[in-house]
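In this text, residue positions in the sequence shown follow this note's numbering: the first is 60, and each later residue adds one.
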Amino acid sequence: MTQNWRFAPHDESQVRRLSSEMRISPLLAQVLIARGLQDATAARSFIDARMTELLEPCSMPGVESASDRIVAALKEKRRITIYGDYDVDGMTATSILLQCITLAQGQCDYFIPNRLDDGYGLNCDAIRELYEEDPQRLLITVDCGITSVKEAALARELGLELIITDHHQMAEELPAADCLVHPRLPGSDYEFPHLCGAGVALKLAWAVCQKLGDGQKASPQMREYLKCAVGLAAIGTIADVVPLVGENRILVRYGLSALAERAPLGLQELMKVAEIKAGQMLDTEDIGFAIAPRLNAAGRLGQARLAVELLTTGNQDRAAQLAVYLDELNKNRRTVERRIFKQAKEMVEENAEWEDHHTLVLAHADWHPGVIGIVANRVSEHFEKPTVLIALDASTRTGQGSARSFAGFDLHAGFSACATHLMRFGGHQAAAGLKIEEDSIESFRLAFAEYAALAPKPSDDELLVRIDAEVCLNEITKQSVRELDCLGPFGQENPRPQFVATRVQLAEPPRTMGEGGRHISLVFQQHNTKIRAIAFGKGEWASQMEEDGGPFSISFAPGINRFRGFESVQLQLKDWVSEKSKAPVTS
């Protein structure tokens, strides 16, 4: 078996006991045990997580003060402006607070910086403009602002009341806003640090609804609003790839149900263009691969306001129009992405000296700054290195960069170590952004590679792929996959169960599919059982597997494929090894 796979210990007596106590299949029992849920009480608590287990909103640092300020502004009939971010997390967070304040009869609008012209987060020009337009307004950031020290100082100097709500990594100096809302503020004891921006916004909206009600419970109208808002928070949580454990798992679990039952008009229309059946129970893959990319396309191509309008409009015709337009934007985004990826690969191949670098830093004047983050992820996977892609601006001789990590490398720490070469940067371990002068790119490339060469390497244990169980393909039935779905929703730190099957043959030649043959479709056979499989982004495996011929050991996550009303088991192929050589195959 390949050295990259680590099998969970299999204690047959423990599996039988848990299976009997919970009246579940031995396969589900094995997966629960593999994930540290050895006794029935803990397992039931995980499976049956309730909305009532969410932490009280005012237990989050800053929420009590922020909600008081919002209620005061409502009573004083002051304008309230939501300052959002241009990604899906920021769009959904903006929509959550916008709807809350509007339903409370507040005068509320929103401002989202243009990704191409304004860059990320608060900026001083916008603050001056908002102040000059209405110096009495209350300004609330969502999903940004926690590192905006200079901008908060300007707001204070002008006398503009500023609430910052964020979830990103903090610098040593915190902004001097009137109120900071963040699950990880220094000195706080909030029990769940992993909320995204939309999750933080939901907690603040919840507290506002309580205060507008009887202090503990929201009014019936606002309770109904909060049920819809959980759906928006679920979209932001999935799209921002935060850990799907604890509060996040609860929000997504109930948010997906809310979207199936009471999705906003705009989302209903977006589901139509994404060919998601009305009323269908959604899963995280529907959001991650169908809904979020279409919303994200608006932000990446400088039109994030349209996505917020889609999420909040009450006009059926406008909702349908916006959904079609966002779908077209997403198609355009994919075309641009393919071109940039091709250019990035050619650039690496033309610079042999980069082969010894532990990182990649690529820059080009024709790259679109809104798309480079997606491509950076593909490049990092392809070359198995942390990657920074930089879109150059000839007029200013500066570049805007997006980075994606590989094998646990800490991008934020790397950027901090190389800060003298950068104009500014932000983000976290897995994804980050920067601005850099064009003349500094080469020195940054060398410094970043040198830092990575000396940085702590991930341990062998961190690089191992954890396998829940070894199975036969005839065990992977629709019934067993549906039973395994009770462990969901699946995502970061709570992945779909992953299994290994051995002595598997190809039932027919593999074929590539998707744009440029990027993906691969296969049919595996083991004894008398045949199951279709797909591997995303692994089109090169088709020729490799066909040439080898098998048999293979395969690592996969099973799911249910729904197509035109029919359901069938489909495996997502994660890795494979030829049983002729027993050598691991990764790319």
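Note that beta-carbon positions come from the ideal geometry of N, C-alpha and C, so glycine has one too.
Query	Result
Taking the alpha carbon of E534 as the reference point, which residue from S126, F105 and L630 has its own alpha carbon closest?	L630
For Y145, name the three-state secondary structure that DSSP assigns.	coil
Just the Cα atoms here: how many angstroms apart are D498 and V289?	46 Å
What number of angstroms, rounded off, separates the C-alpha of E542 from the C-alpha of T372?	37 Å
In the DSSP assignment, what residue or residues form a beta bridge with T200?	Y142 and I223
Can you tell me whether I83 is helix, strand or coil according to DSSP?	coil
Hey, out of S207, Q228, Y384 and D237, whose CA is closest to G218's CA?	D237
Apply the 10 Å Cβ neighbour rule to D176 and answer buried if 16 or more other Cβ atoms are within range, or exposed otherwise.	exposed
Between I92 and V74, what straight-line distance do the alpha-carbon atoms span, to the nearest angstrom?	8 Å
So what does DSSP say about K286, is it helix, strand or coil?	helix
Could you please give the first and the last residue of the uninterrupted beta strand (DSSP E) stretch that includes R65?	W64 to F66
Taking the alpha carbon of I223 as the point to measure from, which residue in R392, H480, A108 and A152 has its own alpha carbon closest?	A152
Under DSSP, the alpha helix (DSSP H) around Q538 begins and ends at which residues?	K537 to L543
Which of the three DSSP states, helix, strand or coil, is assigned to D452?	strand
Report yes if the C-beta distance between I619 and D544 is below 9 Å; otherwise report no.	yes
Flag this pair as yes or no: are the beta carbons of R364 and A356 separated by less than 9 Å?	no
Can you confirm whether the segment 304 to 321 touches the segment 162 to 175 when touching is taken to mean that 3 or more C-beta pairs between the two stretches lie within less than 8 Å?	no
DSSP beta-bridge partners for D104?	Checking the sequence shown, residue 104 turns out to be Ser, not Asp. BP columns for S104 are empty, so no partner.
Across which residues does DSSP place Q564 in a beta bridge pair?	Q584
Which same chain residues, not among the five before or five after L324, have their C-beta less than 7 Å away from its C-beta?	T372, G373, Q375 and A378
Which same chain residues, not among the five before or five after V430, have their C-beta less than 7 Å away from its C-beta?	R359, R392, V395, E396 and I399
Take G575 and list the residues in its own chain whose beta-carbon comes closer than 7 Å to its own, dropping the five residues that flank it on each side.	R397
Counting beta carbon pairs with one atom in the segment 190 to 200 and one in the segment 399 to 411, are three or more of them shorter than 8 Å?	no
Classify P548 as helix, strand or coil using the three-state DSSP reduction.	coil
Cβ of A382 within 9 Å of Cβ of I500?	no
Near G486, what residues of its chain come up, given a Cβ to Cβ distance below 8 Å and the 5 sequence neighbours on each side ignored?	H227, Q228, A462, L470, H471, F474 and G492
Can you list, in chain order, the residues of its chain whose CB lies under 7 Å from that of T161, leaving out five sequence neighbours each side?	C167
What does a CB cutoff of less than 6 Å around I139 pick up in its chain, not counting 5 residues either side in sequence?	A132, I160, G165, C167 and L197
Once the 5 residues before and after A512 are set aside, which same chain residues still bring their CB inside 7 Å of it?	H417
What is the DSSP secondary structure of P120, counted as helix, strand or coil?	coil
According to DSSP, what are the bridge partners of S502?	Paired residues: none, contrary to the question.
Please give me, in chain order, every unbroken run of the alpha helix (DSSP H) with length at least 4 that falls completely inside the segment 245 to 316.	256 to 271 and 279 to 298
Just reading off the alpha helix (DSSP H) that V636 is part of, what are its end residues?	Here V636 belongs to no alpha helix (DSSP H); instead the beta strand (DSSP E) covers F625 to S637.
Taking the beta carbon of P568 as the centre, do at least 16 other beta carbons fall within 10 Å, making it buried, or is it exposed?	exposed
Within this structure, are the beta carbons of G295 and E320 separated by less than 9 Å?	no
Report yes if the CB atom of A351 is closer than 9 Å to the CB atom of V122, and no otherwise.	no
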